Amino acid sequence: MALYVNTNTSSLSAQRQLMNSGKTLDTSFQRLSSGLRINSAADDAAGLQVSNRLTSQVNGLNQAVRNANDGISVAQTAEGALDETTNMLQRMRTLSIQSANGSNSDADRKALQQEITALSTEIDRIASDTTFGGRSLLDGSYDGVYQVGADANQTISFDLSSGENQDYASNGGFTMAGLSSNAAEEAKYQEEVAAYNDYFVQKDAAKAQARAEAEANGDDYEDPELEAIAAAEERGEVYVDPNAPAMPQPPASRSSSFGDTEQGFGSPSVTSIQNAQSMISILDNMISAVGSKRAELGAIQNRLGSSISNLSNISENVSAARSRVRDADFAEETAKLTSSQILQQASSSILAQANQRPQTALSLLG
1 MALYVNTNTS SLSAQRQLMN SGKTLDTSFQ RLSSGLRINS AADDAAGLQV
51 SNRLTSQVNG LNQAVRNAND GISVAQTAEG ALDETTNMLQ RMRTLSIQSA
101 NGSNSDADRK ALQQEITALS TEIDRIASDT TFGGRSLLDG SYDGVYQVGA
151 DANQTISFDL SSGENQDYAS NGGFTMAGLS SNAAEEAKYQ EEVAAYNDYF
201 VQKDAAKAQA RAEAEANGDD YEDPELEAIA AAEERGEVYV DPNAPAMPQP
251 PASRSSSFGD TEQGFGSPSV TSIQNAQSMI SILDNMISAV GSKRAELGAI
301 QNRLGSSISN LSNISENVSA ARSRVRDADF AEETAKLTSS QILQQASSSI
351 LAQANQRPQT ALSLLG
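Positions 1 to 366 (full-length UniProt numbering) are the ones given, in order, by the sequence shown.
Here it is as structure tokens:
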């Protein structure tokens, strides 16, 4: 074997091996300290891309779970308010039945009317004051869209404004938290009608010259055929039932999806037997309507609960997939660390001996 002084190839080889073992040792230290197999794009460029996509999906799924839980909280809040509303409607119905009894005096009915009025006012207050996170739930404006997926447009929506232009009462109307009643198809009020004073008029088979009149924004309109009365600029319509008995309807202002109780059937009254009988029918329909809305809220809670279960399951599986791509295998990395440490110590020892080889040339010089 040739002996060179200027170039020590043994030392160069030992240095290269020591450098390689040092790099492997550094990688093992980094992976074991971070717990990640991929700490930079240099570790695994393709794996980094896959890991980032899976991380986005996991983060989105976890946030979607929180969103769905918020939706359940909103529905529970609204349903709780409607539960209390149902209790008050039940009480109002009981009072109406009591007032319809012939044994009551005017003073008795006046006392019953006081509680009816108080309950009606409280229902209005609940409808206007029930909020969640600063948003009113029962005033007819709530329309919630909940992002329940990791990607765009994966949403579930529900609103508390349905029921507009639907009929829940036979003689008069009743509007409240997500419900609307417009005097049982005999009268339909649209948004900008200021006020109506309407009467149901009996129309005989010969179509006598009876008239129905309504006043909207100060102008009078009439229709001898008793079919419809249209306000100016399509601001409102009143439909008159040709078979309706001749009986007055109390004034009612415009109807909206969720409004005040007094907007739908004037001031609820049980001051007479006739009024009390009408109230019983109205309240029966309102109790049914509130129950229907509560059923919708219960259904959306169950749906969101199912979505949460599904989202959690997907998040678990995607997290496992990301772990297999990104996370360090400690058993493997510990073995690599031990091997690299041994190689580094051996390379250091060999390098020290290789650096001594050129000195043997001095012995040849005597």
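Cβ atoms here follow ideal geometry from the backbone N, Cα and C, with glycine treated the same way.
These numbers come from a predicted model, not from an experiment.
Exposure of residue i, with buried meaning 16 or more beta-carbon neighbours within 10 Å
i, result
"L311", "buried"
"L297", "buried"
"S347", "buried"
"Y146", "buried"
"L137", "buried"
"V65", "buried"
"M19", "exposed"
"G140", "buried"
"G71", "buried"
"Y4", "exposed"
"residue 408", "What the structure shows of the chain is the stretch from 1 to 366, and residue 408 is not part of that stretch, so it cannot be assessed."
"S96", "buried"
"R16", "exposed"
"Q113", "buried"
"S21", "buried"
"E222", "Only weak support is given to the placement of E222: the predicted model assigns it a pLDDT of 44, under 50, and the question is left unresolved by the model."
"A335", "exposed"
"R109", "buried"
"A14", "buried"
"A41", "exposed"
"N67", "buried"
"A46", "exposed"
"A75", "buried"
"N153", "exposed"
"N285", "buried"
For residue i, the residue or residues it bridges with in DSSP
i, result
"D159", "D143"
"E36", "Residue 36 is actually Leu in this sequence, not Glu. The partner list for L36 (beta bridge, DSSP) reads D327."
Under the three-state DSSP convention, the category residue i falls into
i, result
"T24", "helix"
"I229", "Summary for I229: the model assigns pLDDT 39, below 50, so the residue's position carries little reliability, and this model does not support an answer."
"G305", "helix"
"L365", "coil"
"V148", "coil"
"N355", "coil"
"L3", "coil"
"N153", "coil"
"I350", "helix"
Pair within 8 Å by beta-carbon distance, residue i and residue j
i, j, result
"I126", "T77", "no"
"S51", "I38", "yes"
"G144", "D159", "yes"
"S10", "A361", "no"
"E316", "R31", "no"
"M279", "V270", "yes"
"A328", "G35", "yes"
"A81", "T130", "yes"
"D318", "Q57", "Asp is not the amino acid found at residue 318; the sequence shown has Val there. Yes, they are a contact pair."
"E122", "M88", "yes"
"residue 367", "Q345", "With the chain covering 1 to 366 only, the question about residue 367 has no answer from this structure."
"L61", "I314", "yes"
"D83", "R294", "yes"
"P268", "S105", "no"
"R322", "T55", "yes"
"I282", "G102", "no"
"I287", "Q90", "yes"
Distance cut-off 7 Å: residue i Cβ against heavy atoms of the ligand COA
i, result
"T86", "Of the ligands one can find in the structure shown there are none, so the ligand COA has no counterpart to examine."
Residue-level contact to chain D via CB, residue i, 8 Å cutoff
i, result
"Q114", "The structure shown contains no chain D, having only a single protein chain."
Can you list the alpha helix (DSSP H) stretches of 4 or more residues lying completely in the UniProt domain "Flagellin N-terminal" (5–142), in chain order? 9–34, 45–99, 106–129
List, from N- to C-terminal side, the alpha helix (DSSP H) runs of 4 residues or more that fit wholly inside the region 261–291. 261–265
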